[in-house]
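Each residue of the sequence shown is one higher than the one before, starting from 1 at the first, in UniProt numbering. Structure first, then comments.
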Amino acid sequence: MNTDFNKIAIETAIRLGTITLLAAWCFLIVRPFVDVVIWGIVIAVSLHSPFRLLNRWLGDRQGWTALLLTVLMLTGLILPMIQLAEIAVRNFQSTAASLAGDMVSLPELPSRIADWPLIGRPLQRFWELLGHNLEDTFRLLRPQIRQLAGWLLSATAATGMAILQFVLAIIIAGLLLANAPAAARTARRIALRLAGERGPELVRLAESTIRGVATGVVGVALLQALLAGLGFVAVGLPGAGLLAVLCLFLAVIQLGPALVLVPAAIYVFSTQGGMVATAFTVWCVVVALLDNVLKPLLMGRGVDIPMLVIFLGAIGGMMLSGLIGLFVGAVVLALGYELFRGWVYLEA
């Protein structure tokens, strides 16, 4: 009897060990693609409602609808990046030619900058000193310039990798949308195996949470970029369109459009001043703070979960896992809250 039990226990342990080893091996193989696949799922779920409307308008052709939506998303991502790259290359070539020909000179600061409180006079004196001894200043700051150049190269490489990941994620999202019914059935089957009868309900909860977070993040970012662009155009800021796109990008990655709005306000104050600059600065402050008001309200919309749970999940997830954590954190905390609530109120 003991011999049979030991034999069964050993065979069971070997099988479990083999399955665990196989699962771990599979995870290590697909690990480089996990973030891209999760982004693809997030994009597909977020765009499912617009996809259905477009599919109905095109006569229920899911494949062609998914292809059209994928091309539009790729175009919206790649074209602004190409324009920014062209501008950066032109500026770099112009600066390199000026340095080679010893033609670098600093423009004079507007006289009104000297009237700025606290920093106006020191800034003007530093600028004048820099203009008279530009070559010596470059030589003195050579170590810092090298560090800055290395940081810029690293940031450029990281940005390029992020863009490549988003391109792959958009393609994956297009494939999921083209096979939306089959993907939904697969998700429900997996949820049934993991959570039993509550599986489909949890799938719907995850879907609603992703859409709510997407609305709160991307929707507010689009609104901020639009309002910022209107302000740039109103004051005649050069490159208003590209600056608005940059505001959109910074708002989506949760750095905020203030990184563009603050220099823009300083530029307008230095070139125009008066009521125009004051009104533009107030407009920039409103646009920069807009997400603090709208984001918590929109994230929990359409989800039968307290707004605070969704918001804490999104913010905590972003602090833990970066931008993708906005969605994953909100979904995980919402599912955990729902399971905990079901356990607390479970009838004996």
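We put the beta carbon where it would ideally sit given N, CA and C, even for glycine. Just so we're clear, the structure is a prediction, and the values are computed from it rather than from any experiment.
Excluding its 5 nearest sequence neighbours in each direction, Leu308 has no C-beta neighbour in its own chain below 7 Å. Taking C-beta atoms under 8 Å as the contact rule, Gly63 and Ala178 qualify, at a distance of about 5 Å. For Pro263, the enclosing alpha helix (DSSP H) stretches over residues 258-271.
In its chain, beyond the 5 residues on either side, Ile253 have a beta carbon closer than 6 Å to the beta carbon of Leu323.
CA-to-CA, the gap between Val260 and Leu223 works out to about 15 Å. Secondary structure of Arg56 (DSSP, three-state): helix. The Cβ atoms of Ala173 and Ile78 lie no closer than 7 Å to each other.
For Arg61, the secondary structure class from DSSP, reduced to helix, strand or coil, is coil. Between the segment 274-293 and the segment 192-201 there are fewer than three C-beta pairs closer than 8 Å, too few to call the two in contact. Distance check between Phe232 and each of Gly317, Ala214, Phe249, Val262 places Val262 closest, using alpha-carbon atoms only. The Cβ-Cβ distance between Pro238 and Ala288 does not fall below 7 Å. Cβ atoms of Asp291 and Val218 stay farther apart than 8 Å, at about 11 Å.
Val235 carries a coil assignment under DSSP once its states are collapsed to helix, strand and coil. The beta carbons of Ala334 and Leu175 sit no closer together than 7 Å. In the structure shown, Pro50 falls within a helical segment according to DSSP collapsed to helix, strand and coil. The beta carbon of Leu67 sits closer than 6 Å to none of the beta carbons in its chain outside the five residues before and after it.
Only residues of its own chain outside the window of five on either side were considered, and among them Thr70 have a CB closer than 7 Å to the CB of Ile171, listed in chain order. Annotation: Ile38 to Pro32 spans about 11 Å, alpha carbon to alpha carbon.
In the structure shown, Asn292 falls within a helical segment according to DSSP collapsed to helix, strand and coil. Around the C-beta of Asn6, fewer than 16 other C-beta atoms lie within 10 Å, and the residue is accordingly described as exposed.
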